[in-house]
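Data first, discussion second: the structure below is written as structure tokens.
6 protein chains.
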Amino acid sequence: MFRLTVRDHIMIAHSFRGEVFGPAQRLHGATFVVDLELARGALDANGIVADIGLVSELLKAVLAPLNYRNLDELEEFRGQNTTTEVLARAIAQRVRARILEGALGEEAKGGVAAVKVTLGESHIARASYETVLQG
Amino acid sequence: MFRLTVRDHIMIAHSFRGEVFGPAQRLHGATFVVDLELARGALDANGIVADIGLVSELLKAVLAPLNYRNLDELEEFRGQNTTTEVLARAIAQRVRARILEGALGEEAKGGVAAVKVTLGESHIARASYETVLQG
Amino acid sequence: MFRLTVRDHIMIAHSFRGEVFGPAQRLHGATFVVDLELARGALDANGIVADIGLVSELLKAVLAPLNYRNLDELEEFRGQNTTTEVLARAIAQRVRARILEGALGEEAKGGVAAVKVTLGESHIARASYETVLQG
Amino acid sequence: MFRLTVRDHIMIAHSFRGEVFGPAQRLHGATFVVDLELARGALDANGIVADIGLVSELLKAVLAPLNYRNLDELEEFRGQNTTTEVLARAIAQRVRARILEGALGEEAKGGVAAVKVTLGESHIARASYETVLQG
Amino acid sequence: MFRLTVRDHIMIAHSFRGEVFGPAQRLHGATFVVDLELARGALDANGIVADIGLVSELLKAVLAPLNYRNLDELEEFRGQNTTTEVLARAIAQRVRARILEGALGEEAKGGVAAVKVTLGESHIARASYETVLQG
Amino acid sequence: MFRLTVRDHIMIAHSFRGEVFGPAQRLHGATFVVDLELARGALDANGIVADIGLVSELLKAVLAPLNYRNLDELEEFRGQNTTTEVLARAIAQRVRARILEGALGEEAKGGVAAVKVTLGESHIARASYETVLQG
Chain A
0 MFRLTVRDHI
10 MIAHSFRGEV
20 FGPAQRLHGA
30 TFVVDLELAR
40 GALDANGIVA
50 DIGLVSELLK
60 AVLAPLNYRN
70 LDELEEFRGQ
80 NTTTEVLARA
90 IAQRVRARIL
100 EGALGEEAKG
110 GVAAVKVTLG
120 ESHIARASYE
130 TVLQG
Chain B
0 MFRLTVRDHI
10 MIAHSFRGEV
20 FGPAQRLHGA
30 TFVVDLELAR
40 GALDANGIVA
50 DIGLVSELLK
60 AVLAPLNYRN
70 LDELEEFRGQ
80 NTTTEVLARA
90 IAQRVRARIL
100 EGALGEEAKG
110 GVAAVKVTLG
120 ESHIARASYE
130 TVLQG
Chain C
0 MFRLTVRDHI
10 MIAHSFRGEV
20 FGPAQRLHGA
30 TFVVDLELAR
40 GALDANGIVA
50 DIGLVSELLK
60 AVLAPLNYRN
70 LDELEEFRGQ
80 NTTTEVLARA
90 IAQRVRARIL
100 EGALGEEAKG
110 GVAAVKVTLG
120 ESHIARASYE
130 TVLQG
Chain D
0 MFRLTVRDHI
10 MIAHSFRGEV
20 FGPAQRLHGA
30 TFVVDLELAR
40 GALDANGIVA
50 DIGLVSELLK
60 AVLAPLNYRN
70 LDELEEFRGQ
80 NTTTEVLARA
90 IAQRVRARIL
100 EGALGEEAKG
110 GVAAVKVTLG
120 ESHIARASYE
130 TVLQG
Chain E
0 MFRLTVRDHI
10 MIAHSFRGEV
20 FGPAQRLHGA
30 TFVVDLELAR
40 GALDANGIVA
50 DIGLVSELLK
60 AVLAPLNYRN
70 LDELEEFRGQ
80 NTTTEVLARA
90 IAQRVRARIL
100 EGALGEEAKG
110 GVAAVKVTLG
120 ESHIARASYE
130 TVLQG
Chain F
0 MFRLTVRDHI
10 MIAHSFRGEV
20 FGPAQRLHGA
30 TFVVDLELAR
40 GALDANGIVA
50 DIGLVSELLK
60 AVLAPLNYRN
70 LDELEEFRGQ
80 NTTTEVLARA
90 IAQRVRARIL
100 EGALGEEAKG
110 GVAAVKVTLG
120 ESHIARASYE
130 TVLQG
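Residue numbers (numbering that gives the first Met the number 0), protein chains in the order written: chain A, 0 to 134; chain B, 0 to 134; chain C, 0 to 134; chain D, 0 to 134; chain E, 0 to 134; chain F, 0 to 134.
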């Protein structure tokens, strides 16, 4: 199995509901260093998992609606905590959807086997979500 | 699959038996930067893999009997080399046992699917052990 | 010259005023990985720059009023942008004041020559502020 | 499952064919930070995945023919792009072959279950290839 | 003193002349992770060392003529080895010149006190060059 | 000013005397990731601070008597705590002495202006010592 990983980041504000979150129930924020990993069983004709330029643009496009935002105000997260885990899933699912729409080219639609998104929230904590692709 | 990872560290002394270890047969020591990764298929009601505060406490509690110790003197490792691999397994198994005892709450007992412990021993070497949970 | 550095982090929300900040004028947030560096010309009687346990506690105490906060609401930053640079200075000045009050012990008051605080805001940007100590 | 990882690096020149590579079609170069990960289900009699000294030597030996080279001139890569993915596979396959030849000892031939090679090409991109061993 | 640091990278090919360089006399290459650090004694009216967006653009513009190039073919380095040290100086001097031309705004011309460029060539080696600014 | 930095590591056991050290009074150990930084005002004829191969060998030679040792048993540290700060100084002073003896060549004796040694003891703590060279 081959894997390609590219890195970007977002800076967001949010708050959590639930006693388990302690002081993080207050409005605070985070930098998330985002690693997007694509897996595929065989390389394409150019000898790559995907065009790294397109992958970087795809990641940036998916992150843009979240970046420099107060996530508490976004409609799509209404009623749920935007935890690191929830955000990793949301980003991974959007990347997956865009790949299936052809954002990485026709060939990649069937070639990419899985998408994993890891969000580093500090030097001591991170969370990830991995999902498979099915055309 | 979701994964949550938290980091801590221990500083220990030990020595190894076996020619394969060369100069590490002498009493020496190591800092192990410890990454504890929990995996689960679905998030809990709060949208998390587990309460990160409880996970950090759990890891600290499991590391405490090892930290600032000469592992050669610990009864539990008598007769075996406390290699990075052996320590990763010992820590992972203790974390697993505590989760099954309820250290991360009742819900997490059935929710956490796997535990992985990675020990970084330097900037150029690390070892890990992964185990599944079964109630 | 000797230097001792310890690391901690904070997670905050804030917004900036000024066109130069572009999208960061919106309410957003950041994780700041904080490195506190103390410099001194000679070690104390124990062979250290300072008690690393006390230094870690001091840093945590200085960071506590900022952590998990919306900095826009804090009286002390009213009328100024809480940029990475401004926060690095604020943290360094508070550390300096506490050292001069004896937080690291009487001996350290005269021993510590300089305080430097570096705030990593992402994997590609950081800022720092350094100040000297004068009793 | 146990995993052991050791790190080394190579510095190479190369160029790519294909419009997808943009400016990387020109002769340029890269430092690849190479992580070699070995997996096995059970430890050997010494309590290790493999002799870390032998693993490091094995990795260095496999990297030697690539290091400080213009990969465009190497016969073995004629007709294919030496992308990060292709190099990760080439290195992993050579490591695998040497393990099966006994480079890590007789016991490791059957013990090592999988080989993964990750090449970090910058602070924002990396690629890996993983392969299983079958005696 | 305040310092602001931003990170980018280049991927280049080159060769060295001189026996001291051993195998690096052959055509090879490197990824250089480039940290650009600006120092100034006081912040500007916005509470920053400089507009981080402009600093990132400035760094990218200075790196562009080097990126994805065989440095042996560049006129400007004719007759000298493009060692990590030499490149760090070349990049720092160009950054300095552009700041003095106003690339970071009029105010920054007099405000920025020093420029430091660090090139990380691997996980175990880096070099830097620091220069002061005089209007 | 130019600076060149190379990295290596040691793994040692030791214990401390003094209540300030708490549990570190027990025999324990550490991995120290060692960064050796050499500074000089002008490059040599090859365009380098020093031959990086010689610098790496010099560092390894200086670290060898400490590596895989119980520092409590070494004559040279009798009566003092082998804190991170004390070890950084000891290593820096030995590097300095060897440079003055010609370990980096005759030219480097007068060229190298300063030596700085940084010891990373974990992901959250490090200490350094810097000394100037005088022929």
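Note that beta-carbon positions come from the ideal geometry of N, C-alpha and C, so glycine has one too. Please read these numbers as outputs of a predicted model, since none were measured by experiment.
A:A12 and C:Y67 closer than 7 Å at C-beta:
At the C-beta level, A:A12 and C:Y67 stay beyond 7 Å of one another.
Count the other CB atoms, across all protein chains shown, that sit within 10 Å of the CB of E:G109; report buried if there are 16 or more and exposed otherwise.
exposed
Residue-level contact to chain D via CB, B:G134, 7 Å cutoff
Because B:G134 carries a pLDDT of 48, less than 50, the predicted location of this residue cannot be relied on, and no value is offered for it.
Spell out whether any CB of chain C is found under 7 Å from the CB atom of F:G119.
Judged by the 7 Å Cβ criterion, F:G119 is not in contact with chain C.
Here's the rule: buried if 16 or more other CB atoms are within 10 angstroms of the residue's CB, otherwise exposed. What is C:V131?
exposed
Close Cβ partners of F:G134 (< 7 Å) along its chain, the five nearest in sequence each way excluded
Interpretation of F:G134 is limited by its pLDDT of 47, a score under 50 that renders its predicted location unreliable; no figure is taken from the coordinates.
For F:M0 and F:L37, what's the separation of their Cα atoms in angstroms?
When rounded, the distance between both Cα atoms is 10 Å.
Between the CA atoms of A:L73 and D:G28 - distance to the nearest angstrom
In this structure, the alpha-carbon of D:G28 lies about 43 Å from that of A:L73.
Going by the DSSP bridge assignment, what does B:D43 pair with across the sheet?
None, per the DSSP bridge assignment.
Proximity below 7 Å, CB of E:A63 to CB of E:L103
no
Taking only beta-carbon positions, decide if C:A170 is within less than 7 Å of chain A.
Chain C is shown from 0 up to 134; residue 170 of chain C falls before or after that span and cannot be answered.
Going by alpha carbons, who is nearest to D:R2 out of B:K59, B:A96, B:R88?
B:R88
Compute the Euclidean distance between the alpha carbons of D:E26 and F:A41, then round it to the nearest angstrom.
Note on residue identity: the sequence assigns Leu, not Glu, to residue 26 of chain D. Cα to Cα, D:L26 sits roughly 31 Å from F:A41.
Of all the residues that make up the segment 78 to 107 of chain A, which are near chain B by a beta-carbon distance shorter than 9 Å?
Q79, N80, T81, T82, T83, E84, V85, A87, R88
Neighbour list for C:N45 in chain F, Cβ cutoff strictly below 7 Å
G17, V19, N80
Within the same chain, show all residues whose beta-carbon is closer than 6 Å to that of D:N69, passing over the 5 residues directly before and after it, in chain order.
A12
Give the secondary structure of D:V54 by DSSP, where H, G and I count as helix, E and B as strand, and everything else as coil.
Looking at D:V54 - three-state DSSP - the assignment turns out to be helix.
Hey, how far is the Cα of D:A44 from the Cα of B:V85?
11 Å
Against chain A, with Cβ distances strictly below 7 Å, would D:I11 count as a contact?
Not an interface residue.
Chain-ordered neighbours of D:V5 on chain B, where CB pairs are closer than 7 Å
I123, A124
Using a Cβ-Cβ cut-off of 7 Å, state whether C:V61 counts as contacting chain A.
No, no contact with chain A.
At the 7 Å Cβ level, is D:E129 part of the contact set with chain A, yes or no?
yes
According to DSSP, simplified to helix, strand and coil, what is E:F15?
coil
Based on the DSSP secondary-structure assignment, which residues constitute the bridge partners of C:V5?
C:L35, F:A124
Inter-residue Cα distance where the pair is B:H8 and B:S14
Answer to the nearest angstrom: the Cα atoms are 19 Å apart.
Reducing DSSP to helix, strand and coil, say where D:G134 ends up.
At D:G134 the pLDDT is 47, less than 50, meaning the model places this residue with poor confidence; the figure from the coordinates comes in the next sentence. Three-state DSSP puts D:G134 in coil, outside helix and strand.
For D:N69, which residues does DSSP report across the bridge?
D:A12
Using DSSP with H/G/I as helix, E/B as strand and the rest coil, what is F:L99?
helix
If we define contact as Cβ-Cβ less than 7 Å, is A:V54 a contact residue for chain C?
no
Do you know whose CA, among D:G119, D:A96, D:I123, lies nearest D:V111's CA?
Nearest option by C-alpha distance: D:A96.
Own chain, CB closer than 6 Å to B:Q92, minus 5 neighbours either side, in chain order:
none
In its own chain, which residues sit with a C-beta less than 8 Å from the C-beta of D:L53, not counting the 5 before and 5 after it?
A102, L103, G104
Is the CB of F:R2 under 7 Å away from at least one CB in chain G?
In the structure shown, chain G cannot be found, because the protein chains are A, B, C, D, E and F.
Can you confirm whether B:V33, when its beta carbon is compared against all beta carbons of chain A, has any partner nearer than 7 Å?
Taking 7 Å as the threshold, the shortest C-beta distance from B:V33 to chain A does not fall below it.
Any Cβ of chain D within less than 7 Å of the Cβ of E:R25?
Output row for E:R25: interface = yes.
Please report the distance separating the alpha-carbon of C:V94 from that of C:A124.
23 Å
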